[in-house]
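**Q** For reference, the structure I am asking about is given below.
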Amino acid sequence: MMVALTIEARFPMGEFNAHGADGGPEWPPAPARLLSALLAAAHRGAVGIAQVESLFSLAPPVVTTPASGARDVGFRRWVPANDNVDLSDDDPCWDVSPTYSFMENVSKAPERGTLVGTGQDDVVRWVFPDHGPVGEDDMRILQEVASRVEYLGRPTSPVVLTVVRGEAEAPADHERWEPDSHGPVELRVGSPELLRALNDREEQRRRSRFTGAHPSLAVRPTARYQWDGAVAGDVVVPRLARRLLEGAVLYRVREAHVLAADAPLVLGQVRDALGRVEWMLPVLGADGRGRDRLQVLRAVLVRGGERASVLSVATRGGVARMGAAEPGSMTSLPRVMRALCSGGERWTTLVPTDVDRDRLEEAVIAAAARSGCRVLEAVLHDDPVGEIGVPADELGTSRHVTMVVKGSPSTPLVLGDVMMMPVGAAVAVNPRRPSG
2 MMVALTIEAR FPMGEFNAHG ADGGPEWPPA PARLLSALLA AAHRGAVGIA
52 QVESLFSLAP PVVTTPASGA RDVGFRRWVP ANDNVDLSDD DPCWDVSPTY
102 SFMENVSKAP ERGTLVGTGQ DDVVRWVFPD HGPVGEDDMR ILQEVASRVE
152 YLGRPTSPVV LTVVRGEAEA PADHERWEPD SHGPVELRVG SPELLRALND
202 REEQRRRSRF TGAHPSLAVR PTARYQWDGA VAGDVVVPRL ARRLLEGAVL
252 YRVREAHVLA ADAPLVLGQV RDALGRVEWM LPVLGADGRG RDRLQVLRAV
302 LVRGGERASV LSVATRGGVA RMGAAEPGSM TSLPRVMRAL CSGGERWTTL
352 VPTDVDRDRL EEAVIAAAAR SGCRVLEAVL HDDPVGEIGV PADELGTSRH
402 VTMVVKGSPS TPLVLGDVMM MPVGAAVAVN PRRPSG
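For what it's worth, the working numbering labels the leading residue of the sequence shown as 2, then goes sequentially.
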């Protein structure tokens with residue numbers, strides 16, 4: 002008889018700090034991250050190794066998550082990595098010699114993560130539906146191993162894990178991530194190949210004579226997931242974001258930097274190349290920090306129109322190429338879509354639009370009507386009002402538009418063919434990791 006097994010995670014500090022594949026905050030916590038942490042805890046305690054290893058052979062779990070938000074800091078931490086251990090005869094103590102480093106010391110990427118609640122229902126759950134029979138001894142051993150796991154991402158976000166027999170039911174307002182070979186979201190998962198790779202890496206680390214040895218992991222299996230939101234009261238939590246991503250194409254910028262100020266220029270060329278589109282969303286982020294911090298264009302998400310493998314667009318810095326990709330290839334994108342689908346009364350543009358004052362009323366009424374709401378007020382202005390956005394060009398005619406609506410929009414507002422954002426929504430994606 003097949004029995005489900007549920008592993009629950011609570012984050013007592015109210016945050017989960019870990020990077021996804023694109024350098025943005027990972028959410029939900031990947032099943033592979035959970036299994037890797039359990040395996041390490043089993044080896045440290047020399048108990049439960051067989052029970053944990055059996056989890057790597059299971060099908061990808063269903064994941065449910067509570068409400069969450071993005072977290073970002075602007076500093077890095079220096080980390081010694083792969084430094085030679087000096088065993089000189091004239092020094093009775095082993096010493097770390099930075100002079101003869103096997104590899105350079107590294108500076109970890111700025112700490113990014115996800116804010117979660119600390120209430121009774123703020124629990125992340127991984128449900129393995131086909132675990133098989135689980136005896137009392139196995140449950141006790143798995144719980145003992147889980148209690149040794151201190152964190153899943155960075156040590157700054159401790160975790161408390163609990164193992165439950167059966168399928169623990171999540172609250173109705175939690176988001177649900179289900180394995181689906183045609184789903185738009187890609188998560189790292191466990192597999193027998195990953196288990197062998199983790200064991201091989203640990204053996205390399207054991208034999209190494211370098212402090213902070215961190216051999217690369219060649220095997221990183223993934224599975225596609227269908228992402229479903231939930232309805233809590235009269236607030237639409239992004240169930241519709243899944244529908245928005247279906248059929249959309251993400252054109253990712255291949256060059257290191259395309260300034261966000263070039264976004265209006267790029268959108269016009271994308272429109273010309275693809276023909277009539279349903280909507281476009283400029284995906285903006287930031288690189289650098291302090292005075293060197295730059296707003297950059299990471300990608301353009303497009304629904305409708307023709308599909309192109311590669312787009313070449315002119316920018317003020319030269320010609321940039323944008324390659325077509327599945328939306329699931331950018332792990333920050335689901336968070337951005339959740340923010341766009343969170344609703345609200347005030348909506349604003351991310352980039353300046355060509356709507357002039359004479360046509361403003363007609364344009365905003367049409368945008369609101371498509372989303373099932375009514376316009377109360379609309380204004381033109383030069384500076385963006387969101388956390389990220391492109392200021393209007395002083396020499397151009399394009400302006401930002403902010404509008405107040407009555408009623409809950411059934412979909413994000415689209416002005417012309419460019420998606421707007423709720424004022425206050427966190428829609429910036431994070432910088433790429435140094436490895437790209």
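All residues carry an ideal CB built from backbone N, CA and C; glycine is no exception.
1. For a minimum of 4 consecutive residues, which ranges assigned as the alpha helix (DSSP H) are wholly contained in the region 124-164?
2. Alpha carbon to alpha carbon, what distance is there between Q52 and V186?
3. Do you know whose CA, among W348, S330 and V150, lies nearest H401's CA?
4. Am I right that V164 and L143 are in contact with their C-beta atoms under 8 Å? What's the rounded C-beta distance?
5. Alpha carbon to alpha carbon, how far is S411 from N18?
6. Looking at the secondary structure, which residues open and close the beta strand (DSSP E) in which P180 lies?
7. On the DSSP letters alone, give me the boundaries of the alpha helix (DSSP H) that E204 sits inside.
8. Considering only the alpha carbon of each residue, which of R360, A5 and M422 lies closest to G136?
9. How many whole angstroms separate the CB atoms of R113 and A42, which I take to be in contact at a CB cut-off of 8 Å?
10. Could you name the residues of the same chain whose beta carbon sits closer than 8 Å to that of A369, not counting the 5 residues immediately before and after it, in chain order?
11. Pull up the distance between the alpha-carbon of Q227 and that of Q121, whole angstroms please.
12. Under the three-state reduction of DSSP, which class applies to I389: helix, strand or coil?
13. For the 8 Å Cβ check, are there 3 or more pairs between the region 372-391 and the region 336-344?
14. Here's the rule: buried if 16 or more other CB atoms are within 10 angstroms of the residue's CB, otherwise exposed. What is R141?
15. Please return the same chain residues whose Cβ sits closer than 7 Å to the Cβ of A427, not counting the five positions on each side in sequence.
16. When the Cα atoms are used, what is the spatial distance from I366 to R221?
17. With H, G and I counted as helix, E and B as strand and the rest as coil, what does DSSP make of S37?
18. Between V284 and V430, is the Cβ-Cβ spacing less than 8 Å?
19. Indicate whether R189 and T223 have their beta-carbon atoms separated by less than 8 Å.
20. So for D273, helix, strand or coil by DSSP?
21. Check whether chain D comes within 8 Å of V186, counting only Cβ atoms and requiring the distance to be less than that.
22. I'd like to confirm the pairing. Which residues does DSSP put opposite R189 in its beta bridges?
23. Nearest CA to the CA of V161: which residue from Y152, A169 and E168?
24. Output needed for L246: all residues of its chain with C-beta closer than 6 Å, excluding positions within five of it in sequence on either side, in chain order.
25. Output yes or no for whether 8 Å exceeds the beta carbon distance between L282 and H258.
26. Alpha carbons only, please: which of D139, R308 and A198 is nearest the one belonging to R166?
27. Counting along the chain, where does the beta strand (DSSP E) carrying A31 start and finish?
28. A321: buried (16+ other C-beta within 10 angstroms of its C-beta) or exposed?
29. One question on the structure: do V297 and A287 come within less than 8 Å of each other, judged by their Cβ atoms?
30. If you draw a straight line from the alpha carbon of G15 to that of V117, how long is it in whole angstroms?
31. By the DSSP assignment, the beta strand (DSSP E) with D359 in it spans what residues?
32. Taking the straight line between their C-alpha atoms, what separation do you get for S217 and A198?
33. Assuming G305 and R277 are in contact, meaning their beta carbons sit under 8 Å apart, how far apart are those beta carbons, in whole angstroms?
34. The alpha helix (DSSP H) spanning L341 covers which residue range?
35. What number of angstroms, rounded off, separates the C-alpha of R244 from the C-alpha of P335?
36. For G397, which residues does DSSP report across the bridge?
**A** Walking through what the data contain:
1. Those alpha helix (DSSP H) runs which fall completely within the region 124-164 and span 4+ residues are 137-149.
2. Between the C-alpha atoms of V186 and Q52 there is a straight-line separation of about 29 Å.
3. Of the candidates W348, S330 and V150, the one whose C-alpha sits nearest the C-alpha of H401 is W348.
4. V164 to L143, Cβ: 5 Å. Contact.
5. Roughly 32 Å separates the two Cα atoms.
6. P180 -> beta strand (DSSP E) spans E176 to P180.
7. From DSSP, the alpha helix (DSSP H) with E204 extends over P193 to R208.
8. Per the C-alpha coordinates, the member of R360, A5 and M422 positioned closest to G136 is A5.
9. Their Cβ separation, rounded to whole angstroms, is 25 Å, which puts R113 and A42 out of contact at 8 Å.
10. The answer, listed in chain order, is R375, V376, M404, V406, P410 and L414.
11. One Cα belongs to Q227, the other to Q121, and the distance between them is close to 26 Å.
12. The answer is coil: DSSP assigns I389 none of H, G, I, E or B.
13. Too few Cβ pairs lie closer than 8 Å, so no.
14. The residue is exposed, with fewer than 16 neighbouring Cβ atoms inside 10 Å.
15. The answer, listed in chain order, is G70, A71, A340 and E388.
16. Near 48 Å, if we compare the C-alpha coordinates of R221 and I366.
17. If DSSP states are grouped into helix, strand and coil, S37 belongs with the helices.
18. Taking 8 Å as the Cβ cut-off, V284 and V430 qualify as a contacting pair.
19. When the beta-carbon positions are compared, R189 and T223 come within less than 8 Å of each other.
20. In this structure, DSSP gives D273 a helical state, which the three-state scheme calls helix.
21. Although the question refers to chain D, the structure presented lacks it and comprises just one protein chain.
22. Beta-bridge pairing links R189 to T223.
23. Taking the Cα of V161 as reference, the smallest distance to any Cα among Y152, A169 and E168 is reached at Y152.
24. Within its own chain, the residues whose Cβ lies closer than 6 Å to the Cβ of L246, once the five positions on either side in sequence are excluded, are P185 and P328, listed in chain order.
25. At a Cβ-Cβ threshold of 8 Å, L282 and H258 do not count as neighbours.
26. For R166, the nearest C-alpha among the options comes from D139.
27. That residue, A31, is in no beta strand (DSSP E); it is neither H nor E in DSSP.
28. A321 is buried by the Cβ-count criterion.
29. Result yes, Cβ atoms of V297 and A287 sit closer than 8 Å.
30. Cα atoms of G15 and V117: separation of roughly 5 Å, rounded to the nearest angstrom.
31. Note, D359: premise wrong, no beta strand (DSSP E); alpha helix (DSSP H) at R358 to R371.
32. Cα to Cα, S217 sits roughly 10 Å from A198.
33. Sure, about 7 Å apart at Cβ, within 8 Å.
34. That run of the alpha helix (DSSP H) goes L334 to L341.
35. The alpha-carbon of R244 is positioned some 12 Å away from that of P335.
36. DSSP lists no partner for G397.
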